[in-house]
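Chains as they are written, first to last, in the working numbering: chain A, 260 to 374; chain B, 37 to 147.
Ideal placement from N, C-alpha and C gives every residue a C-beta, glycine not left out.
Here the structure is laid out as structure tokens; the discussion comes afterwards.
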């Protein structure tokens, strides 16, 4: 079975541009969460989608948005890119998205560089 | 918000040695998770702990859930070169919908 797949693996954008990152969860998983990992830090929670709706949002500006499609795949969109948005963006999928046995599985991430 | 503290930032050990790392919080966590991240990859779950005082092993790895529920420990025995990586502790918050991570400890193993 395929794990969590993310695309693209690497991306370079210019300040002020917009970017879309994609994630396909493990088959059968209904929840997708997005995390931002800046170099030297642990992943920071951005938001979680479950059954195509945003369930929880972290402390990120409105420039960050996402959506989840009927097949449970997800897109993360970031507008008006800043240099500080340069990071590894991780997608995590789970069946329920909550509960202590949520069993989050992470993808390999998309490395975004803003210049 | 809840924070998880890991220190030191880096650890250097000799192959074959044991290593212990801990994670502390000012808040109570009901679940403790330990992840390992290799370069260019996402975090991979090593051990999950669900009960205060619980001691769980996964091969050469052993982790414990502190009885105060504010700390956890991970031990790696007889280290090997492939143990190199970044080790994160994490805990679910917000109705267990999101994970809070520590800053991680980078482990280097000298052959």
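Strand pairing of residue i, partner residues [DSSP]
| i | result |
| --- | --- |
| residue 121 (chain B) | B:143 |
| residue 278 (chain A) | A:337 |
| residue 70 (chain B) | B:83, B:125 |
| residue 107 (chain B) | B:60 |
| residue 88 (chain B) | In DSSP, residue 88 (chain B) forms no bridge with anything. |
| residue 264 (chain A) | A:283 |
| residue 331 (chain A) | For residue 331 (chain A), which the question treats as bridged, DSSP gives no partner whatsoever. |
| residue 39 (chain B) | Looking at the DSSP assignment, residue 39 (chain B) forms no beta bridge with any residue, so it has no partner. |
| residue 113 (chain B) | Residue 113 (chain B) is not bridged to any residue. |
| residue 306 (chain A) | A:293, A:316 |
| residue 326 (chain A) | A:334 |
Rounded C-alpha distance that separates residue i from residue j
| i | j | result |
| --- | --- | --- |
| residue 311 (chain A) | residue 292 (chain A) | 12 Å |
| residue 344 (chain A) | residue 372 (chain A) | 8 Å |
| residue 43 (chain B) | residue 138 (chain B) | 9 Å |
| residue 65 (chain B) | residue 339 (chain A) | 36 Å |
| residue 100 (chain B) | residue 90 (chain B) | 6 Å |
| residue 273 (chain A) | residue 306 (chain A) | 24 Å |
| residue 45 (chain B) | residue 289 (chain A) | 35 Å |
| residue 54 (chain B) | residue 342 (chain A) | 40 Å |
| residue 330 (chain A) | residue 351 (chain A) | 15 Å |
| residue 102 (chain B) | residue 126 (chain B) | 14 Å |
| residue 367 (chain A) | residue 374 (chain A) | 22 Å |
| residue 41 (chain B) | residue 316 (chain A) | 23 Å |
| residue 147 (chain B) | residue 119 (chain B) | 11 Å |
| residue 93 (chain B) | residue 70 (chain B) | 12 Å |
| residue 150 (chain B) | residue 353 (chain A) | The requested residue 150 (chain B) does not occur in the structure, where chain B is confined to residues 37 to 147. |
| residue 313 (chain A) | residue 78 (chain B) | 22 Å |
| residue 134 (chain B) | residue 112 (chain B) | 27 Å |
| residue 328 (chain A) | residue 363 (chain A) | 19 Å |
| residue 267 (chain A) | residue 304 (chain A) | 20 Å |
| residue 76 (chain B) | residue 122 (chain B) | 11 Å |
| residue 286 (chain A) | residue 332 (chain A) | 10 Å |
| residue 284 (chain A) | residue 114 (chain B) | 35 Å |
| residue 299 (chain A) | residue 281 (chain A) | 24 Å |
Host beta strand (DSSP E) of residue i (start-end)
| i | result |
| --- | --- |
| residue 370 (chain A) | 369-373 |
| residue 136 (chain B) | 134-137 |
| residue 293 (chain A) | 290-296 |
| residue 97 (chain B) | 97-101 |
| residue 363 (chain A) | Run containing residue 363 (chain A): none; DSSP gives neither H nor E here. |
| residue 313 (chain A) | 312-316 |
| residue 346 (chain A) | 346-353 |
| residue 300 (chain A) | Neither: residue 300 (chain A) is in no beta strand (DSSP E) and is coded neither H nor E. |
| residue 270 (chain A) | 269-272 |
| residue 45 (chain B) | Where residue 45 (chain B) is concerned, there is no enclosing beta strand (DSSP E), given that its DSSP letter is neither H nor E. |
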